[in-house]
Amino acid sequence: MKKKEIPYKLYDIIPSQETMYLMVKYSFHKQLTQIPTSFTVDADFDFDLLQKAFNIELQRNDSLRIRFVSDGKKLKQYFLPELTYKVPVMHFSSFEEQDAYFSEDAQKPVYFLKDETFRIVFYKTDGVGSGIYFNVSHLNVDAMGIVVMYYDLIRIYFALKKNEPLPEPLDKYEDYIKEEFDRLADEKKMKKHEDFYKKYFLKGGEPFYAGVHGPAFLEKARKKAKNPNLRVPAAYNPIYDKCDTIEKHIDPESSKKILDFCLARRIAPESLLQLGLRTHCSKINYRTPDVFMMSLCSKRASKKEKNMSGCLTQPLQLRTIIPEDYTFEQALSEITSVRTQLFMHSAYPYITARDMSRDIYDYNLIQGPACMMFSWIPVPVVPDSKYNIDFKTYNLGRYFTPLYVISTPNPKTRGIDMHYMYRVKLSTPGDIEALHANAVKVVLEGIENPDITIGELLDSIS
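For the sequence shown, the working numbering begins at 5 and goes up steadily by one.
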């Protein structure tokens with residue numbers, strides 16, 4: 005077969021994209037690297053006008069014009085100079101019909117190697133409103149990139165509707181890619197990152213896998229390996245990766261307490277929620293002080309990075325060893341400190357760092373100490389306060405980690421939504437129910453009494 009000729013500049017994929025590509029590269033099921041979401045408002049969109057807005061968005065948002073090609077053993081990418089896309093419009097008779105349709109689409113792979121990097125649908129649902137469904141390759145766009153895309157598209161729509169000037173254009177993801185390669189070529193800085201990670205992985209010795217399903221899986225692996233001291237089992241299975249989801253909601257009053265607490269202390273909600281989640285994992289795994297999880301970080305620190313779509317995100321390998329005599333305040337400070345350190349070194353490729361830890365502790369390809377992946381998604385705000393917004397994420401049906409927790413504020417209810425996508429071979433619905441209940445309890449008790457100790461919180465949860 006004749007090799008496909010590309011008349012555009014080819015780029016290697018950057019580390020953020022390489023991380024996402026790795027998930028699907030060794031998977032038997034190919035829907036692991038896409039993000040399906042919907043954005044509904046309780047009003048009627050003018051879909052002809054929204055199509056015009058999306059045509060403009062395609063020119064402003066170059067991440068939507070990325071295409072991928074396999075160049076031998078490497079994945080390459082290029083930018084189309086222009087793109088047209090006629091968005092289909094669906095009409096649903098109920099929310100149930102809408103949800104079933106998009107839930108089914110969410111589990112169909114986005115074939116990013118066959119020039120399909122996203123699917124988008126405009127829709128109207130009787131008794132609900134109208135909206136946008138967007139299922140995009142994670143190599144093109146990360147969760148924050150989706151927020152940027154939705155927000156920019158809606159601002160364009162309202163500018164057209166009111167005959168006002170368009171908002172300031174987005175910054176180019178292509179420029180970020182070029183700058184990323186310059187950063188990777190800085191050997192002095194990369195050496196500093198490497199030295200940090202060596203110390204980080206060695207500090208505290210080998211980590212411990214504190215699964216949300218409890219220690220039975222670890223004990224079975226210890227018995228099979230005839231090693232009672234085994235700390236990290238093979239929990240990442242590319243075959244048995246079937247997932248289900250449980251949607252939970254933190255009520256508006258409790259959510260306000262959480263967000264006000266974070267605002268007053270100038271900390272990210274991720275730190276607070278992860279403290280609640282890790283405390284439950286500690287409780288059900290011999291009260292271990294050592295809990296390891298991954299936390300997706302958007303890597304958007306500068307004004308320019310916040311004004312672009314694309315895939316910038318990298319997982320932070322968040323390991324915290326928190327003694328029971330620490331107060332809630334001290335434990336929160338520890339998590340925040342570790343997250344800050346990891347963010348400062350987030351320019352170092354995740355895969356390189358992961359391989360370093362694997363070499364240090366002689367892990368095989370499906371061993372890893374992280375009990376979950378966590379992501380916080382701040383939703384977009386429609387620039388018209390009279391609208392209620394419903395932002396929804398959908399179950400992929402497959403995932404590589406034992407659990408993926410997606411948390412997002414809900415602008416319609418003023419609460420916080422918690423989306424638990426769990427591997428059915430490892431965890432049960434009861435495991436997830438207990439995780440959520442105890443995590444919320446720990447967070448709210450800690451907010452009320454920051455001097456309560458972690459030991460006391462462990463005693464208070466079942």
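Cβ atoms here follow ideal geometry from the backbone N, Cα and C, with glycine treated the same way. Values in this document were obtained by computation on a predicted structure and should not be read as measured data.
- Within the segment 321-348, the runs of alpha helix (DSSP H) at least 4 residues long that lie entirely inside it are, in chain order, 332-348.
- Bounds of any alpha helix (DSSP H) do not take in H253; it lies within the beta strand (DSSP E) bounded by C247 to I254.
- In this structure, S350 sits away from Y177, with a CB-CB distance that is not shorter than 8 Å.
- Sequence-distant partners of I18 (beyond 5 residues in either direction) whose C-beta falls short of 6 Å from its own C-beta, in its chain, are I181 and E184.
- Of the candidates Y127, Y15 and L62, the residue whose Cα lies closest to the Cα of D46 is Y127.
- If you look at L448, you'll find it in the alpha helix (DSSP H) that goes P433 to E452.
- Contact annotation: the segment 345-359 does not touch the segment 214-227, with fewer than three C-beta pairs closer than 8 Å.
- Counting only unbroken stretches of 3 or more residues, the beta strand (DSSP E) elements lying wholly within the segment 131-205 are 133-141, in sequence order.
- If you look at C285, you'll find it in the alpha helix (DSSP H) that goes P273 to I288.
- Taken through DSSP and simplified to helix, strand or coil, S411 comes out as strand.
- D394 counts as buried, since no fewer than 16 other beta carbons sit within 10 angstroms of its beta carbon.
- If you draw a straight line from the Cα of V383 to the Cα of P232, it is about 45 Å long.
- Burial is judged here by how many other beta carbons sit within 10 angstroms of a residue's own beta carbon; P406 has at least 16 and is buried.
- DSSP places T129 within a strand segment (E or B) once states are collapsed to three.
- DSSP places D52 inside the alpha helix (DSSP H), whose first and last residues are F51 to R64.
- Between N65 and L170 the beta-carbon gap is near 13 Å, outside 8 Å, which marks them as no contact.
- Residue pairing by DSSP puts S379 in a beta bridge opposite I410.
- When DSSP reads this structure, P40 sits in a beta bridge with N139.
- A straight-line Cα-Cα distance of about 8 Å links K261 and L448.
- Residue pairing by DSSP leaves D359 without any beta bridge partner.
- Per DSSP, Q102 is one residue of the alpha helix (DSSP H) stretching across F99 to A110.
- With contacts defined by Cβ atoms closer than 8 Å, P237 and F212 do not form a contacting pair.
- Per the Cβ contact rule, the segment 297-307 is in contact with the segment 141-161 (3 or more Cβ pairs under 8 Å).
- With respect to the 8 Å criterion, R71 and D119 are classified as neighbours on the basis of their beta carbons.
- DSSP places P113 in the coil class of the three-state scheme, outside both helix and strand.
- DSSP places L79 in the strand class (E or B) of the three-state scheme.
- For H197, the closest of Q345, A443, S259 and C266 by C-alpha to C-alpha distance is Q345.
- Taking a contact as a CB-CB distance under 8 Å, the pair F99 and Y105 does not count as one, their CB atoms being some 11 Å apart.
- The beta carbon of Y391 lies closer than 7 Å to those of V45, D46 and A47 in the same chain, with the five residues before and after it left out.
- For the pair I136 and D366, the Cα-to-Cα distance works out to about 46 Å.
- DSSP, read as helix, strand or coil, puts M297 in strand.
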